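Number 91 in the numbering used here belongs to position 90 of the sequence shown; there are no gaps in the numbering.
The beta-carbon is built from N, C-alpha and C at its ideal position, and this holds for glycine as well.
Here the structure is a predicted model, which is why all the values come from computation and not from measurement.
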Amino acid sequence: MEMQVNVRADTAMNNKSRVCLVWEDLTVVAQNVSSSSKREVLKGLSGYAEPNRIMALIGPSGSGKSTLLAALAGILPSNVRMTGNVLLNGTTRTKGCRDISYVTQEDYFLGTLTVKETLTYAAHLRLPADMNKNEIDKVVTKILAEMGLQDNADSRIGNWHLRGISSGEKRRLTIGIEILTQPHVMFLDEPTSGLDSAAAFYVISSLSNIAHDGRIVICSIHQPCGEVFYLFDDLVLLAGGEAVYFGEATMAVKFFADAGFPCPTRKNPPEHFLCCVSSEFESVAALIQAKNVSEVPSSWHSLMNMTIEETKSKLVRNYRNSTHSANVRKRIREIKESQEELLVGKIYDTSKLKHLCTLTNRSILNMTRDIGYYWLRIVFYILLSVSAGFLLFNIGTTNEAILSRGKCNGFILGLMIILCLGGVPFYHEELKVFKRERFGNYYGEVIFVLSHFLSSFPFVLAISLSSGTILYHMVNIHPGFSHYCYFCMNIFCTISVTEGCTLFVAALAPDLLVAMGIATGVIVQNLYSLYNYHFQVVAISAEIRVSCPVLFLKGFEMLFMHSVKTKSVSGTEVRQNNGNSGNDGVGSEMERAVASIQGKGWVLLDSESKGKWIFAEP
């Protein structure tokens, strides 16, 4: 087994050592959704990336860093048009291959799981189906050591209500999940966003070690500190979608000095670069001139005599005419001419059944550990059921109790629906993890929905049986085991359907507050429908019920009818029951016949078309 793991790792490393990424004349045009205007985001960029090197994309906000990263990774949105070539060893990079990994800015996890459990479940979802548990455990242990997380392996990750690991450790865990499949190229969008200097240094240091292990690592970063900047091997400086500099990071300071914008001795180089190309610093130069400051850094003298646009244009011209640009074009030609064959690895063929079992186990573990997911709601369901039972205690079996039972059913199901709102925050957290994993092609939507239903089944069943048993005996619904089973089944179906609706709403909503608001609206609509049916079940005519757009009201009607013993009688049966089969005065005979049946203890619930009546026995 150990030999098999080593063979796989050696094969991956041999492939990685030959990988080169090239992009030529890359132009990206974005279409404005609200209007027909177009904007050129990237303007004819060319470059390359080689293994064993880590590259930084630096530039002011709106310079095109994230767009370039998305274009290289092949994940541009649909309203964007790209021209140019992106080649992986002379071959067009394809979607759905494990050789390319993209890490977003956000870190989404199930907070109740530990670091090791999160990595282990991700490994079961992403690694080949023929790998056994021991092999997967060895891979997980190796990655924990690589990312410096071995000391926190058994620590909970934490979420909005549970304390856990730090932001820097979460970021390293996200990176660790992505290197499970040994990708050739890694793209990271703002990996140090929201981190302090120490955490940012640790993250970039880990990425540097990953790159020097035979991979290509490219990450966008806004303004790194000096210690972090010198960890990068290559630098791409963008401004307005154009390349201001491309080359070794250590040579960037000399390039700016040769262009007439030297960096002060004790100043952070990336900060100086941004001062030269960011329009935000133009107001700073104007402020210095207005204040008549006599002592200013030497680098500001040239900046105060030029606008930022002029400075940027000069730097772009200098770069295009420099040896750096010539070396880039030369190296691109060499890489394309070599065209060393690359065996592009597709996503591992994992079993859908294994995905389903893994997701179900993970979801059950999350639901079991998080007291607010179901355990707290089960307690509330039981307490509300007892309260409703006292409120509706022993309604009775008289004729007058028929309508009260209909109201009781609506009231009970309304309580069941309202408490489903408490699951929205937990659905929203779980959906964030799903979207991240779906983005990485771990599994599909059907597998996720099915696993969520299977994992929640025992909890919803426990709620249905506990609440149903309490209410059935306290309210004294029509006796009979079949009635009890039907009552509990309706509670189960009501909760399942409502939770399915709230899960759907949480998937569409951009954030938790919007999800809570929409889910509340959906639940209020359901309660309004229940009120219109159960509290006015006798008064509503058949025509209104048929035209009602809420189709599931028929199920509530079945529940109400099943809670009492019903009887459907035709007009002929009514006449025979009354002992008169004549045809004269049929209307008055029908009225007398109905009154006669009611006198025997049956209650008229409704009169339908086609000459039929529905009676109920109390």
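Put residue 324 into one of helix, strand or coil per three-state DSSP. The three-state reading of DSSP puts residue 324 in helix, counting H, G and I together.
CA-to-CA distance, residue 426 to residue 195, given in whole angstroms: C-alpha separation (whole angstroms): 23 Å.
Bridge partners of residue 336, per DSSP? In the DSSP secondary-structure assignment, residue 336 is not bridged to any residue.
The alpha helix (DSSP H) that contains residue 620, what's its start and end? Outside the modelled stretch of the chain, which goes from 2 to 619, sits residue 620, for which no answer is possible.
Considering only residues of the same chain and omitting the five flanking positions on each side of residue 260, which have a CB-CB separation below 7 Å? Answer for residue 260: 315, 316, 319, listed in chain order.
Close-in-space but distant-in-sequence residues of the same chain around residue 332 (CB under 6 Å, 5 per side omitted): Excluding positions up to five away in sequence, the list reads 49.
Whose C-beta lies closer than 8 Å to the C-beta of residue 275 among residues of the same chain, with five residues either side of it excluded? 59, 60, 61, 224, 282
In the structure shown, what three-state DSSP assignment does residue 161 receive? coil
For the putative contact between residue 204 and residue 211, defined by C-beta atoms under 8 Å, what is the C-beta separation to the nearest angstrom? Not really, about 11 Å apart at Cβ, beyond 8 Å.
Strictly by DSSP, which residues pair up with residue 190? 221
For residue 463 and residue 374, I'd like the C-alpha separation in whole angstroms. 14 Å
Report buried or exposed for residue 192, applying the criterion of at least 16 other Cβ atoms within 10 angstroms of its Cβ. When all chains shown are included, residue 192 counts as buried.
Check whether residue 406 and residue 396 have beta carbons under 8 Å apart: Yes, the Cβ-Cβ distance between residue 406 and residue 396 is below 8 Å.
Could you tell me how far apart the beta carbons of residue 104 and residue 175 are, in whole angstroms, since I believe they sit closer than 8 Å? With 8 Å as the limit, residue 104 and residue 175 qualify as a contact, their Cβ atoms being about 6 Å apart.
Rounded to a whole number of angstroms, what is the C-alpha to C-alpha distance between residue 257 and residue 264? Computed Cα separation, rounded: 7 Å.
Could you have a look at residue 151 and say whether DSSP puts it in helix, strand or coil? helix
With which residues is residue 412 paired in a DSSP beta bridge? For residue 412, which the question treats as bridged, DSSP gives no partner whatsoever.
How about residue 313 and residue 229: do their beta carbons lie closer than 8 Å? No, the pair does not count as a contact, with Cβ atoms beyond the cut-off.
Outcome for residue 231 when other beta-carbon atoms lying within 10 angstroms are tallied against a minimum of 16: exposed
Is DSSP giving residue 455 helix, strand or coil here? helix
Report, in whole angstroms, the separation of the C-beta atoms of residue 165 and residue 156, which I expect to be a contact under 8 Å. 7 Å
Coarse secondary structure for residue 130, derived from DSSP in three states: Reduced to three states, the DSSP call for residue 130 is coil.
Just mark residue 474 as buried or exposed, buried being the case when its beta carbon has 16 or more other beta carbons within 10 Å. Under the 10 Å beta carbon count, residue 474 is surrounded by fewer than 16 other beta carbons and is classified as exposed.
State yes or no: is the C-beta of residue 32 within less than 8 Å of the C-beta of residue 86? no
Can you give me the start and stop residues for the alpha helix (DSSP H) that residue 272 sits inside? 270-278
Cβ of residue 68 within 8 Å of Cβ of residue 116? no
What did DSSP end up calling residue 85 once you bin it into helix, strand or coil? strand
With a Cβ-Cβ cutoff of 8 Å, do residue 70 and residue 188 count as a contact? yes
When you compare only the Cα positions, how much space is there between residue 88 and residue 170? 33 Å
Considering only residues of the same chain and omitting the five flanking positions on each side of residue 119, which have a CB-CB separation below 8 Å? 110, 111, 158, 174, 178
Counting C-beta neighbours from all protein chains within 10 Å, is the total for residue 185 16 or more, i.e. buried, or is it exposed? buried
Excluding sequence positions up to five away, which residues of its chain have a Cβ less than 6 Å from the Cβ of residue 432? 507, 508
Alpha carbon to alpha carbon, how far is residue 236 from residue 248? Give it in angstroms, no decimals. When rounded, the distance between both Cα atoms is 6 Å.
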